[in-house]
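K.L.:
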Ligand code: PAF
């Protein structure tokens with residue numbers, strides 16, 4: 040695997056690959072790789088001639104300076120993991136390389152960004168859209184791989200791809216979980232042992248809500264989840280929403296819905312975690 044830090048060097052490689060008719064799969068990441076990323080990388084290696092992964096902790100998508108500073112950075116370990124799954128190129132640029140001048144671009148995603156992550160992390164999706172656009176221009180992938188754990192991010196990137204006519208296919212893979220149900224996330228590395236014990240309560244709350252969906256009104260499920268999580272010592276619920284799985288708009292009533300998404304965000308100590316679950320209401 041070749042490690043590339045300069046945009047110009049990667050552009051030259053991509054041009055040669057495309058001229059040679061190679062199909063490029065791309066997995067954008069912020070590093071601290073885990074099984075969720077590796078699943079995307081394996082899929083890319085299977086489905087394309089060449090796989091490029093980026094590891095870049097993107098400063099413009101953090102609305103909290105300490106979250107940016109403390110975000111886990113484990114490049115050496117990431118390199119070994121990438122080699123083990125057959126990644127061909129790692130793009131690991133500096134912040135100056137990606138942002139030679141201050142970014143003032145403004146994206147707007149309408150109602151899609153007015154809820155959940157967009158509402159609680161002002162500027163977050165603007166930063167995501169900026170960096171993802173830059174990466175798509177540089178890497179020019181045929182397929183780009185994202186994880187369902189960041190459900191709203193996937194919806195935002197889908198809208199971005201359509202709005203800016205990026206010539207690529209977006210591929211989304213389901214969330215990979217630890218044995219106790221905790222969604223894999225780079226931020227899990229920041230949890231203390233005690234917090235790590237409590238963190239699976241997020242997934243348990245989603246399971247509880249899913250089991251109640253057909254029996255109880257949305258408002259009752261929301262308060263049940265809030266009450267349950269209030270009892271977990273280090274956990275502070277930020278939001279729990281039952282949303283339309285396509286528009287991601289919160290629902291007060293799920294009658295007539297084919298599929299909903301249950302979405303949750305909470306602080307476990309200082310670490311902010313998110314999770315979600317898609318529930319098909321027509322099955323069973
Ligand atoms: O999901 C992530 O890791 C990041 O938001 C992404 C897509 C790599 C953009 O920085």
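Numbering (my numbering), first residue to last: 40 to 323.
By construction, the Cβ of each residue, glycine as well, lies at the ideal position given by its N, Cα and C atoms.
Given residue 77, which residues of its chain have a CB within under 7 Å of its CB, disregarding the five upstream and five downstream residues?
P.N.:
Taking the first residue of the chain shown as position 1, residue 77 is located at position 38. Result list for residue 77: 120 and 124, in chain order.
K.L.:
Per DSSP, what kind of secondary structure is residue 164 in: helix, strand or coil?
P.N.:
Walking along the chain shown from the start, residue 164 turns up at place 125. Correct three-state label for residue 164: helix.
K.L.:
Return helix, strand or coil for residue 242, following the three-state DSSP convention.
P.N.:
For the purposes of this step, residue 242 is taken as the residue at position 203 of the chain shown. DSSP places residue 242 in helix when its eight states are reduced to three.
K.L.:
What does DSSP give as the partner residue(s) for residue 316 in the beta ladder?
P.N.:
Counting from 1 along the chain shown, the entry for residue 316 is found at position 277. Partner(s): 301.
K.L.:
Kindly indicate which residue of 311, 297 and 65 has the alpha-carbon position closest to the one of residue 179.
P.N.:
As a first step, residue 179 is located in the chain shown; it is residue number 140 there, counting from the start. If we check each option's Cα against that of residue 179, 65 comes out closest.
K.L.:
Below 8 Å, how does it come out for the region 221-239 and the region 310-317: are there three or more Cβ pairs, yes or no?
P.N.:
yes
K.L.:
Report yes or no: do the region 156-171 and the region 140-147 share at least 3 C-beta pairs separated by less than 8 Å?
P.N.:
yes
K.L.:
Any heavy atom of the ligand PAF inside 8 Å of the beta-carbon of residue 186?
P.N.:
As a first step, residue 186 must be located in the chain shown, where it is residue number 147. Residue 186 Cβ: within cutoff of the ligand PAF.
K.L.:
Would you say the beta carbon of residue 142 comes nearer than 8 Å to a heavy atom of the ligand PAF?
P.N.:
As a working mapping, residue 142 is identified with position 103 in the chain shown. No.
K.L.:
Considering residue 210, what are the terminal residues of the alpha helix (DSSP H) in which it resides?
P.N.:
Here residue 210 corresponds to residue number 171 of the chain shown, with the count starting at 1. Where residue 210 is concerned, there is no enclosing alpha helix (DSSP H), although the beta strand (DSSP E) it sits in stretches over 208-212.
K.L.:
Classify residue 175 as helix, strand or coil using the three-state DSSP reduction.
P.N.:
Taking the chain shown and counting its residues from 1, one reaches residue 175 at position 136. If DSSP states are grouped into helix, strand and coil, residue 175 belongs with the helices.
K.L.:
Along the alpha helix (DSSP H) that carries residue 74, what are the first and last residues, could you check?
P.N.:
Translated into the one-based positions of the chain shown, residue 74 becomes position 35. Counting along the chain, the alpha helix (DSSP H) containing residue 74 begins and ends at 74-86.
K.L.:
Over what stretch of residues does the beta strand (DSSP E) that includes residue 200 continue unbroken?
P.N.:
In the chain shown, the residue the question calls residue 200 occupies position 161. Taken as a continuous stretch (DSSP letters only), residue 200 belongs to no beta strand (DSSP E), being part of the alpha helix (DSSP H) at 190-202.
K.L.:
Less than 9 Å between the C-beta atoms of residue 109 and residue 216, yes or no?
P.N.:
Position 70 of the chain shown holds residue 109. Position 177 of the chain shown holds residue 216. In this structure, residue 216 does not lie closer than 9 Å to residue 109 by Cβ.
K.L.:
Just the C-alpha distance for residue 307 and residue 51, rounded to the nearest angstrom, thanks.
P.N.:
Taking the chain shown and counting its residues from 1, one reaches residue 307 at position 268. Taking the chain shown and counting its residues from 1, one reaches residue 51 at position 12. Taking the straight line from one Cα to the other gives about 44 Å.
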